[in-house]
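Chemist: After the structure tokens below, expect a handful of questions from me.
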Amino acid sequence: MTQDNIISVRDVHKWYGNYHALRGVSMDVKKREVIVIFGPSGSGKSTFIRTINRLEDHQRGQILVDGIELTHDVRNIEQVRAETGMVFQQFNLFPHLTVLQNITLAPLQVRKWTRQKAEEVAMQLLERVGIPDQAQKFPGQLSGGQQQRVAIARALAMQPKIMLFDEPTSALDPEMIKEVLDVMVELAKSGMTMLVVTHEMGFARAVADRMFFFDQGQIVESGKPDDIFKNPKEERTKLFLSQILAH
Amino acid sequence: MANLNSVLPPLTERSGPLRWMRKNLFGSWLDSLLTVLGALLVYWAVKGFLTWALTVAEWEVISANLRLILIGQYPIEQAWRLWTWLAILFFLAGNSIGIWARGSKYAFVVLFTPALLILLPFGSASRIWLAALTLTGLIGWGLGRARPHALKRSVIAGWVILLPVIILLTRGWSETEGSAVPIVTTNLWGGLLLTFLLTVVAILFSFPLGVLLALGRRSKLPIIRWSSVAYIELVRGVPLITILFMAQLMLPLFLPEGVAIDRVVRAMVGMTLFSAAYLAENVRGGLQAIPRGQYEAAHALGLSGAQTMTLIVLPQALRLVIPILVGQFIAVFKDTSLVAIVGLFDLLGIAKTVLAQPAFLGLQREVYVFISLIYWVLSYGMSYLSQRLEERLGAGGR
Chain A
12 MTQDNIISVR
22 DVHKWYGNYH
32 ALRGVSMDVK
42 KREVIVIFGP
52 SGSGKSTFIR
62 TINRLEDHQR
72 GQILVDGIEL
82 THDVRNIEQV
92 RAETGMVFQQ
102 FNLFPHLTVL
112 QNITLAPLQV
122 RKWTRQKAEE
132 VAMQLLERVG
142 IPDQAQKFPG
152 QLSGGQQQRV
162 AIARALAMQP
172 KIMLFDEPTS
182 ALDPEMIKEV
192 LDVMVELAKS
202 GMTMLVVTHE
212 MGFARAVADR
222 MFFFDQGQIV
232 ESGKPDDIFK
242 NPKEERTKLF
252 LSQILAH
Chain U
1003 MANLNSVLPP
1013 LTERSGPLRW
1023 MRKNLFGSWL
1033 DSLLTVLGAL
1043 LVYWAVKGFL
1053 TWALTVAEWE
1063 VISANLRLIL
1073 IGQYPIEQAW
1083 RLWTWLAILF
1093 FLAGNSIGIW
1103 ARGSKYAFVV
1113 LFTPALLILL
1123 PFGSASRIWL
1133 AALTLTGLIG
1143 WGLGRARPHA
1153 LKRSVIAGWV
1163 ILLPVIILLT
1173 RGWSETEGSA
1183 VPIVTTNLWG
1193 GLLLTFLLTV
1203 VAILFSFPLG
1213 VLLALGRRSK
1223 LPIIRWSSVA
1233 YIELVRGVPL
1243 ITILFMAQLM
1253 LPLFLPEGVA
1263 IDRVVRAMVG
1273 MTLFSAAYLA
1283 ENVRGGLQAI
1293 PRGQYEAAHA
1303 LGLSGAQTMT
1313 LIVLPQALRL
1323 VIPILVGQFI
1333 AVFKDTSLVA
1343 IVGLFDLLGI
1353 AKTVLAQPAF
1363 LGLQREVYVF
1373 ISLIYWVLSY
1383 GMSYLSQRLE
1393 ERLGAGGR
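Which chain is which? The protein sequence lines are A and U, in order.
According to our numbering, the first sequence is numbered sequentially starting from 12.
According to our numbering, the second sequence is numbered sequentially starting from 1003.
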């Protein structure tokens, strides 16, 4: 393991009761790398990305995030979560708070910033995701694409070192997918370390440094996008790619 | 070929009272029959009640006992203390309306209720106080409107210390004779005053207790979970009246000799403990309605468990259960009438003593109609306020 690995996962296993969801997953991610994870549903890709900030715990193996090992120690977990932003499929914005309050909440409560600083940063981020005029609205008043962009701004407000995306465009209407992907492409180009679970192969081709294909709780194949798309080595990868790229 | 651009205009609905009646009241022969029967029934009931209320009823029993019904045996020369906290209450209410409900006409009109009550057969001193209440309410309202931002914090602080102030003023603090604020013992508290204090104390204390029990019931720690479940199920399994009896009759047996807890305090504690168990179950319903994604999003941002609960989950859960909570608060208000059975003189208890006076024997109808009216007005007021509150908080709904 080299020094510039910001995430290091070694032989991680996870069971739900008797169901073996992750079967020995290992992965190293360098700073500024953009990783795309794809695979059929039930392949463990969401479970895997959720173990990185310990929304799911793992039962065997080792996970190091920015040099901190994830164990049952709550202090470690809170430290890792403060350094890691996450964007969910269902947005999970706080419906009782305005857009601005959604974004400033964690900086105020966890980072203990002043309100002035938190709101300045929040407005810059809303500017960056293209919806500064929505700051005083409630999430329920926004479209799905706008909500997901607020969710990205909310995660970025903590100034994380790593961003995790768990199928960020799967719950969106087709015409809104692009506005969210545009924000993610811009973020990738700015040098953010990103782990993205997605089936948006256009996004993968444009910005991914490496891609990982998950099936049945294991990494079946990994490599640069060019290699994965042009000459996948494994039959399962070939089959899956042909299915999602067929139309 | 039909031209798609020429959309047909909507059918014009002709309206008018006659048309409305034909459509809704006399649509078929069965509708007509039900309408006529219903109208007769209403006519008969209203006529019967009005005839009784205007010709037969002897309302002197109310005017002669109005003070008793409102404050019980509370000494009249100390009544200024009650008027004083009422004035503070109206000042704060006016202030709050001026700050938070500036546009609402209805909220503003509430401030005029004391002025309306002048029409009741009060003495002249009380009428001056009633006018003063409306005046302080309006002054508070004006101040709140003029400087909403400067006053916000002090108004909230005012509401927080209001209950201790009310209790202190009502009870008094000086034991020396002839002082301005001698102690008025609780056996003299009665009527609407006692009902009001029982209700307010039970609601204010059972609310935090109920929230804690609801959280305890969902705790991961077995001891906390089991003791919460045990408490809730135990209390919900017995009638309120038995809890009140136990507080009045059995509690003194367990206390060391010489230690006596005031009877009104015991009733307040009983009501609070009882209400908390029901509140806990209502709040738990709200907690369970919050999706897992809300917890995950909060955790992913680095918020601690306590922060997630107080900033994300509870505000949403409580908002969801406002209608149920208000329903329960109204129930608490009406349940306070059970303390009459254990010998306290709340509205119902006082009604019984009024009826026991030789001069007013046999006037149950007048007295019970009047106190029912008081219960109804206040219950409906609470219900109405909760609807307004829901509307105001609705902006953040899903």
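In this text, a Cβ means the ideal position worked out from N, Cα and C, and glycines have one as well.
Keep in mind it's a predicted model, so treat the numbers as computed, not measured.
Closest Cβ-Cβ distance between U:P1317 and chain A: below 8 Å?
Modeler: Translated into positions along the second sequence, residue 1317 of chain U becomes position 315. At least one chain A Cβ lies under 8 Å of U:P1317.
Chemist: Three or more beta-carbon pairs under 8 Å between the region 69-82 of chain A and the region 20-38 of chain A, yes or no?
Modeler: A contact exists between the region 69-82 of chain A and the region 20-38 of chain A.
Chemist: Report the three-state DSSP secondary structure of A:T95 (helix, strand or coil).
Modeler: Residue mapping note: residue 95 of chain A aligns to position 84 of the first sequence, counting from 1. Strand, per DSSP.
Chemist: Does the beta carbon of U:S1388 sit closer than 8 Å to a beta carbon anywhere in chain A?
Modeler: Looking up residue 1388 of chain U in the second sequence gives position 386. False, the Cβ-Cβ gap to chain A never drops below 8 Å.
Chemist: State yes or no: is the C-beta of A:V140 within less than 8 Å of the C-beta of A:V194?
Modeler: As a working note, residue 140 of chain A is residue 129 in the first sequence. As a working note, residue 194 of chain A is residue 183 in the first sequence. In contact: A:V140 and A:V194 (Cβ atoms closer than 8 Å).
Chemist: If distances are taken between C-alpha atoms only, which option among A:H31, A:I230 and A:Q159 comes closest to A:K244?
Modeler: What you label residue 244 of chain A is simply residue 233 of the first sequence in a count that begins at 1. Checking every option, the nearest Cα to that of A:K244 belongs to A:I230.
Chemist: DSSP on U:A1089, reduced to helix/strand/coil?
Modeler: Translated into positions along the second sequence, residue 1089 of chain U becomes position 87. Note: U:A1089 maps to helix in three-state DSSP.
Chemist: Kindly indicate if chain U contains any beta-carbon less than 8 Å away from that of A:A117.
Modeler: By one-based count along the first sequence, residue 117 of chain A stands at place 106. Yes, because at least one Cβ of chain U sits closer than 8 Å to the Cβ of A:A117.
Chemist: Quick check: the region 85-97 of chain A against the region 108-115 of chain A, are there 3 or more CB pairs under 8 Å?
Modeler: They do not touch, by the three-pair rule.
Chemist: What would DSSP say about U:R1394, mapped onto helix, strand or coil?
Modeler: For the purposes of this step, residue 1394 of chain U is taken as the residue at position 392 of the second sequence. DSSP places U:R1394 in helix when its eight states are reduced to three.
Chemist: Contact criterion: CB-CB distance below 8 Å. Does U:R1321 meet it with respect to chain A?
Modeler: To locate residue 1321 of chain U, count along the second sequence from 1; it is residue 319. It does: the Cβ of U:R1321 has a partner Cβ on chain A nearer than 8 Å.
Chemist: Answer with yes or no whether the minimum CB distance from A:V140 to chain U is below 8 Å.
Modeler: On the first sequence, position 129 is the one that residue 140 of chain A refers to. By this cut-off, A:V140 is not an interface position.
Chemist: Determine the closest residue to U:I1168 out of U:R1083, U:T1355, U:S1128 and U:V1285, with distance taken between C-alpha atoms.
Modeler: As a position in the second sequence, residue 1168 of chain U is number 166, starting the count at 1. Of the candidates U:R1083, U:T1355, U:S1128 and U:V1285, the one whose C-alpha sits nearest the C-alpha of U:I1168 is U:R1083.
Chemist: Check whether the Cβ atoms of U:L1441 and U:L1153 sit closer than 8 Å, and answer yes or no.
Modeler: Residue 1441 of chain U is absent from the structure shown; chain U starts at 1003 and stops at 1400.
Chemist: Going along the region 68-93 of chain A in order, which residues come within less than 7 Å of chain U, judged by CB to CB distance?
Modeler: Correct list: E89, R92 and A93.
Chemist: Report the three-state DSSP secondary structure of A:T62 (helix, strand or coil).
Modeler: Sequence index remark: in the first sequence, residue 62 of chain A carries index 51 (1-based). DSSP places A:T62 in helix when its eight states are reduced to three.
Chemist: Give me the residue from A:I163, A:P179 and A:L256 with the minimum Cα distance to A:E138.
Modeler: Translated into positions along the first sequence, residue 138 of chain A becomes position 127. Ranking A:I163, A:P179 and A:L256 by Cα distance to A:E138 puts A:I163 first.
Chemist: Give a yes or no on whether the minimum CB-CB distance between U:I1314 and chain A is below 8 Å.
Modeler: As a working mapping, residue 1314 of chain U is identified with position 312 in the second sequence. Closer than 8 Å: yes.
Chemist: Compare the C-beta of U:Q1296 with all C-beta atoms of chain A and state if any pair is closer than 8 Å.
Modeler: The residue given as residue 1296 of chain U occupies position 294 in the second sequence. Yes, because at least one Cβ of chain A sits closer than 8 Å to the Cβ of U:Q1296.
Chemist: Show which residues of chain A have a CB atom less than 7 Å away from the CB atom of U:Q1290.
Modeler: For the purposes of this step, residue 1290 of chain U is taken as the residue at position 288 of the second sequence. Ordered by position in chain A, no residue passes the 7 Å Cβ test against U:Q1290, which lies about 17 Å from the chain.
Chemist: So, is the C-beta of A:V161 closer than 8 Å to a C-beta in chain U?
Modeler: Counting from 1 along the first sequence, the entry for residue 161 of chain A is found at position 150. Closer than 8 Å: no.
Chemist: Pick helix, strand or coil for A:E71, following the three-state DSSP scheme.
Modeler: Counting from 1 along the first sequence, the entry for residue 71 of chain A is found at position 60. Contrary to the premise, residue 71 of chain A reads as Arg rather than Glu in this sequence. In this structure, A:R71 counts as strand in the three-state DSSP scheme.
Chemist: How is U:Q1359 classed by DSSP in three states: helix, strand or coil?
Modeler: Here residue 1359 of chain U refers to the residue found at position 357 when the second sequence is read from its first residue. It is coil, neither helix nor strand.
Chemist: What span of residues does the alpha helix (DSSP H) with U:W1054 cover, start to end?
Modeler: Looking up residue 1054 of chain U in the second sequence gives position 52. No alpha helix (DSSP H) contains U:W1054, which DSSP labels as neither H nor E.
Chemist: In the DSSP assignment, find the unbroken beta strand (DSSP E) run with A:V208 in it and report its ends.
Modeler: Position 197 of the first sequence, counting from 1, holds the residue named residue 208 of chain A. A:V208 -> beta strand (DSSP E) spans T204 to V208.
Chemist: Would you tell me roughly how many angstroms separate the C-alpha atoms of U:A1358 and U:L1068, rounded to the nearest one?
Modeler: Residue mapping note: residue 1358 of chain U aligns to position 356 of the second sequence, counting from 1. Residue mapping note: residue 1068 of chain U aligns to position 66 of the second sequence, counting from 1. Each residue's alpha carbon lies about 15 Å from the other.
Chemist: Whole-angstrom Cβ separation of A:R221 and A:G234, contact assumed at under 8 Å?
Modeler: Locating residue 221 of chain A in the first sequence gives position 210, where the first residue counts as 1. Locating residue 234 of chain A in the first sequence gives position 223, where the first residue counts as 1. Between A:G234 and A:R221 the Cβ distance is about 7 Å, and since that is below 8 Å, they are a contact.
Chemist: What distance in whole Å lies between the Cβ atoms of A:N103 and U:E1298, which are believed to be in contact at a cut-off of 8 Å?
Modeler: For this step, residue 1298 of chain U is matched to residue 296 along the second sequence. For this step, residue 103 of chain A is matched to residue 92 along the first sequence. About 6 Å; that satisfies the 8 Å criterion.
Chemist: Among U:L1211, U:V1261 and U:Q1296, whose alpha-carbon lies nearest the alpha-carbon of U:Y1280?
Modeler: Translated into the one-based positions of the second sequence, residue 1280 of chain U becomes position 278. The candidate whose alpha carbon is nearest that of U:Y1280 is U:L1211.
Chemist: Go ahead and pull the three-state DSSP assignment for A:N29.
Modeler: Within the first sequence, the letter at position 18 stands for residue 29 of chain A. Three-state DSSP puts A:N29 in coil, outside helix and strand.
Chemist: Does U:G1304 have its Cβ less than 8 Å from a Cβ in chain A?
Modeler: Counting from 1 along the second sequence, the entry for residue 1304 of chain U is found at position 302. True, the Cβ-Cβ gap to chain A drops below 8 Å.
Chemist: Any contact between the region 1343-1353 of chain U and the region 1324-1332 of chain U? By contact I mean 3 or more CB pairs, one from each, below 8 Å.
Modeler: The region 1343-1353 of chain U vs the region 1324-1332 of chain U: no contact.
Chemist: What are the boundary residues of the alpha helix (DSSP H) that A:Q127 is part of?
Modeler: For this step, residue 127 of chain A is matched to residue 116 along the first sequence. Unbroken alpha helix (DSSP H) run through A:Q127: R126 to R139.
Chemist: Are any of the Cβ atoms in chain U nearer than 8 Å to that of A:V121?
Modeler: Stepping through the first sequence from its first residue, residue 121 of chain A is reached at position 110. Yes - at least one Cβ of chain U is within 8 Å of the one on A:V121.
Chemist: If you run the structure through DSSP and keep just helix, strand and coil, what is A:E246?
Modeler: Position 235 of the first sequence, counted from the first residue, corresponds to residue 246 of chain A. Three-state DSSP puts A:E246 in a helix.
Chemist: Can you check which of these residues, U:G1288, U:W1378, U:P1077 and U:L1316, is closest to U:G1192 by C-alpha distance?
Modeler: As a first step, residue 1192 of chain U is located in the second sequence; it is residue number 190 there, counting from the start. When each option's Cα is compared against that of U:G1192, the closest is U:P1077.
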